[in-house]
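Going by numbering that gives the first Met the number 0, the sequence shown opens with residue 0, and the numbers climb by one from there.
Positions of the beta carbon are idealized from the N, C-alpha and C atoms, including for glycine.
On a predicted model such as this, the values are computed, not experimentally measured, just so you know.
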Amino acid sequence: MFLFNRTPSISGKDLEKKLAETLTIIDVREKAEFSGGHIPGAVNVPLGKISGYKPKTDQPIYVICQSGIRSKRAVKILEKRKIQAVHVKGGMIRWQGAVKGGNY
Numbered sequence: 000m001f002l003f004n005r006t007p008s009i010s011g012k013d014l015e016k017k018l019a020e021t022l023t024i025i026d027v028r029e030k031a032e033f034s035g036g037h038i039p040g041a042v043n044v045p046l047g048k049i050s051g052y053k054p055k056t057d058q059p060i061y062v063i064c065q066s067g068i069r070s071k072r073a074v075k076i077l078e079k080r081k082i083q084a085v086h087v088k089g090g091m092i093r094w095q096g097a098v099k100g101g102n103y
């Protein structure tokens, strides 16, 4: 029997409701993608550099990418380092909240 580790997840709509709180949001897309439009206050840490990320808090970190594939991988990497991370389902494609920069 296999035990599946479910990736902690949140919908973009639920994340948008939490934006009034102090959150750490990491966008794991490449710099050019991030510059094209991102959630205000998000920090750009491309997936290739996520293993070196050092959180400034012990609060959950919300991780987003373009579609959700890279952010899910990033959450798994962070979890192995005992960092509490939450995958944002659907990524920026499904994000309907405010965006800084770009043409979303």
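DSSP places Ile60 in the strand class (E or B) of the three-state scheme. Apart from sequence neighbours up to five positions away, the residues of its chain that approach Thr6 with a beta-carbon distance below 6 Å are Lys71, Val74, His86, ordered along the chain. Contact between Ile63 and Gly96 is ruled out by a C-beta separation of about 11 Å, above the 8 Å threshold. CA-to-CA, the gap between Leu77 and Leu46 works out to about 11 Å.
Exposed is the label assigned to Asp57, since fewer than 16 other Cβ atoms lie within 10 Å of its Cβ.
DSSP places Ser8 in the strand class (E or B) of the three-state scheme. Taking all protein chains shown into account, Ile38 has 16 or more neighbouring C-beta atoms within 10 Å of its C-beta and is therefore buried. In this model, Lys99 and Gly36 are separated by some 5 Å (Cα to Cα).
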